[in-house]
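What follows is a single structure, written as structure tokens, with notes after it.
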């Protein structure tokens, strides 16, 4: 029996998740929550994150992603989930440091294009190139890493 598009996306995520976690998220001092709800939608941006869940849904971290069959950019579903998860992870530091949106996107792009993640999902198409602004010198400190476990570029 053929899979539905949503089942295909779920299977794609489940096939890569353990490797993505070990390659990147397991190295952090503060890991993302075990469960992040991912909602596929026909509307909105390619991806967005919601630290308190989506309106009318249960609380907790949530990500909404435009259906990959209708998105403007051909990023993989898993790359979008990783991108939005990293945005959630650094959101408190972004607010605390008054980081601009273009700089935040550039920081997330740097993390998403690290060698460890690209070994899992191939080359990451940076969206920060559309924005101006240099990365802050201390951009790696937006996430706390276990000793000797920071990603490489």
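Numbering (this note's numbering), first residue to last: 55 to 207. Think of the CB as a built atom: it goes at the ideal place given N, C-alpha and C, for glycine as much as any other residue.
Check                                                                                                     : Outcome
Interface flag, residue 156 vs chain C, CB-CB below 8 Å                                                   : The chain inventory of the structure shown lacks chain C, comprising one protein chain alone.
Identified DSSP bridge partners for residue 207                                                           : In the DSSP output, where bridge partners are listed per residue, residue 207 has none listed.
Alpha-carbon spacing of residue 164 relative to residue 57, whole angstroms                               : 34 Å
Sufficient close CB pairs (3 or more, under 8 Å) joining the stretch 188 to 205 to the stretch 161 to 179 : yes
Nearest residue (CA-CA) to residue 74, options 59, 133 and 84                                             : 133
Whole-angstrom distance between residue 197 and residue 69, CA atom to CA atom                            : 25 Å
Beta bridge counterpart(s) of residue 199 as assigned by DSSP                                             : 82
Contact under 8 Å by Cβ, residue 140 with residue 166                                                     : yes
DSSP state of residue 56 mapped onto helix, strand, coil                                                  : coil
Buried/exposed call for residue 60, threshold 16 Cβ in 10 Å                                               : exposed
With 16 other Cβ atoms within 10 Å as the buried cut-off, status of residue 127                           : Low per-residue confidence applies at residue 127: pLDDT is 49, beneath 50, and the placement is therefore not dependable, though the value from the model is reported in the following sentence. Exposed, since its Cβ has fewer than 16 Cβ neighbours within 10 Å.
CB-CB length for residue 131 against residue 66, believed under 8 Å                                       : 6 Å
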